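Here is the structure we will look at, set down as structure tokens.
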Ligand SMILES: [Zn+2]
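Residue numbers (our numbering): 141 to 220.
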């Protein structure tokens, strides 16, 4: 999953850890994901959003156990 950006419409390839943003979720029942640490022996999976996508998107885990991309809330940032 780390081979490329988690955004399907983006073809950015994973190269450097310092670029973009990494997400890690725990796998439950082999197919669903959770942010809650599960018992020992269950796996984890990492997802990566490239620099550009991570500016506008974030990854979240739904209560159904799916990973979804959600737009980041654009904060009214004032230039510091
Ligand atoms: Zn991307």
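Ideal Cβ positions, reconstructed from N, Cα and C, are used throughout, including at glycine. As the structure is a prediction and not an experimental result, all values here were calculated from the model.
Secondary structure at residue 195, three-state DSSP: helix, strand or coil? Taking the chain shown and counting its residues from 1, one reaches residue 195 at position 55. In the three-state reduction of the DSSP assignment, residue 195 falls in the helix class.
Less than 8 Å separating the beta-carbons of residue 207 and residue 165? Taking the chain shown and counting its residues from 1, the one referred to as residue 207 is at position 67. Taking the chain shown and counting its residues from 1, the one referred to as residue 165 is at position 25. The Cβ atoms of residue 207 and residue 165 sit closer than 8 Å to each other.
I believe residue 194 touches residue 158 by the beta-carbon criterion, under 8 Å. Please report the beta-carbon distance rounded to the nearest angstrom. The count along the chain shown starts at 1 and reaches residue 194 at position 54. The count along the chain shown starts at 1 and reaches residue 158 at position 18. Cβ-Cβ separation between residue 194 and residue 158: approximately 12 Å, too far for a contact (criterion under 8 Å).
Check whether the Cβ of residue 190 lies closer than 7 Å to any heavy atom of ligand 1, and answer yes or no. Working through the chain shown from its first residue, we reach residue 190 at position 50. Residue 190 has its Cβ nearer than 7 Å to a heavy atom of ligand 1.
Could you tell me if the beta carbon of residue 245 falls within a distance shorter than 7 Å of some heavy atom in ligand 1? Residue 245 lies beyond the stretch modelled for the chain, which goes from 141 to 220, so this question has no answer here.
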